[in-house]
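J.:
Numbering (the working numbering), first residue to last: 178 to 446.
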């Protein structure tokens, strides 16, 4: 197993995983020092650290470590010392529709620690640049089914701007079922009302609909796709970091938010 190639594949899967390495063995079976394996949160395994009941029981421990998030720890099990390195996926931005605003949002996300997934049903020639910008591209026939597939992780940030209102509704419905960190949709208040009524008729609750950010973005853009994209990303960062969207200048030093405080420190103040 080429561990570096497997790590690249693991990162592209947008799933949490652990690399388990045998460091020392006091005489148990075939768990030889240097053996490695990758264990995914969903139970998939690549490689081996010795196999059999020993490996099976070890993976129960590793699964619990993955559930706790990113960490690096040494553990000892049945006389075998193991180095367990847990990797959590970076924040994932799912762009539903690679049109003008979606394209600009993908460009903006490149400046930040976001992995990006583009979902679109159109002729690929119409969205060539957007496809190339995205870390992963999913050609779909149903936006909801694409989002609910294993290719899209739970807890992602979603932006819906499909070329058809029905497709935006599909995207919203799918996103709400994936424990989203954020769901935004471009559109007017009239569009919001029509789509929300449609989703209510399909069993989506008002509580779920209230979590959707639409009209989307902070009130900072001039209406061009590029500035709208920055306004959307600003709103996503506000949600991600627990910010207020308020000018740091207007917040007294005593009550600086964490984001304002970080910017003050970065400026050497």
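We put the CB at the ideal spot given by N, CA and C, even for glycine. None of the values given here were measured: they were computed from a predicted structure.
Just to confirm, is the Cβ distance from residue 282 to residue 273 under 8 Å?
T.: no
J.: Taking the continuous beta strand (DSSP E) assigned at residue 251, which residues delimit it?
T.: 248-254
J.: Measure the alpha-carbon distance for residue 181 versus residue 187 and round it to whole angstroms.
T.: The C-alpha of residue 181 lies about 10 Å from the C-alpha of residue 187.
J.: According to the neighbour-count rule (16 or more other Cβ atoms, all chains shown, within 10 Å of its Cβ), is residue 195 buried or exposed?
T.: buried
J.: Please look up how many angstroms separate the CB atoms of residue 202 and residue 210, rounded, as I've assumed it's under 8 Å.
T.: Contact annotation, residue 202 with residue 210: C-beta distance approximately 6 Å; criterion of less than 8 Å satisfied.
J.: Check residue 331 in the structure and name its three-state DSSP category.
T.: coil
J.: Assuming residue 301 is part of the alpha helix (DSSP H), what are its boundary residues?
T.: Per DSSP, residue 301 belongs to no alpha helix (DSSP H) and is neither H nor E.
J.: Taking the alpha helix (DSSP H) that residue 344 belongs to, which residues open and close that run?
T.: 342-353
J.: Give the secondary structure of residue 317 by DSSP, where H, G and I count as helix, E and B as strand, and everything else as coil.
T.: When secondary structure is reduced to three states using DSSP, residue 317 falls in the coil class, being assigned neither helix nor strand.
J.: May I have the straight-line CA-CA distance separating residue 390 from residue 411, to the nearest angstrom?
T.: So the alpha carbons of these two residues sit roughly 12 Å apart.
J.: Considering only the beta carbon of each residue, do residue 224 and residue 214 sit closer than 8 Å?
T.: Cβ distance < 8 Å, so residue 224 and residue 214 count as in contact.
J.: Looking only at DSSP bridge pairs, what is residue 361 linked to?
T.: DSSP output for residue 361 lists 336, 390 as bridge partner(s).
J.: Between residue 231 and residue 250, what straight-line distance do the alpha-carbon atoms span, to the nearest angstrom?
T.: 19 Å
J.: Please report the distance separating the alpha-carbon of residue 374 from that of residue 340.
T.: In this structure, the CA atom of residue 374 is about 19 Å from the CA atom of residue 340.
J.: Could you tell me if residue 267 is buried or exposed, where buried requires 16 or more neighbouring beta carbons within 10 angstroms of its beta carbon?
T.: So residue 267 ends up on the exposed side.
J.: Cβ of residue 374 versus every heavy atom of the ligand ADP: is any distance shorter than 7 Å?
T.: This structure simply doesn't include the ligand ADP, nor any ligand for that matter.
J.: Which stretch, first to last residue, makes up the beta strand (DSSP E) that contains residue 407?
T.: Run containing residue 407: none in the beta strand (DSSP E); it sits in the alpha helix (DSSP H), 402-418.
J.: Thinking C-alpha only, which one of 297, 228, 422 is nearest residue 313?
T.: 297
J.: If distances are taken between C-alpha atoms only, which option among 242, 329, 207, 265 comes closest to residue 226?
T.: Of the listed residues, the one whose Cα sits closest to residue 226 is 207.
J.: Thinking C-beta only, is residue 363 closer than 8 Å to residue 349?
T.: no
J.: Under a CB-based cut-off of 8 Å, is residue 325 close to chain B?
T.: Protein chains in the displayed structure number just one, and chain B is not present.
J.: Which word fits residue 309, buried or exposed, when buried means at least 16 other C-beta atoms lie within 10 angstroms of its C-beta?
T.: exposed
J.: Could you have a look at residue 292 and say whether DSSP puts it in helix, strand or coil?
T.: strand
J.: Quick check on the burial criterion: 16 or more other C-beta atoms within 10 angstroms. Buried or exposed for residue 347?
T.: Label assigned to residue 347: buried.
J.: Per the DSSP calculation, residue 224 is bridged to which residue(s)?
T.: 214
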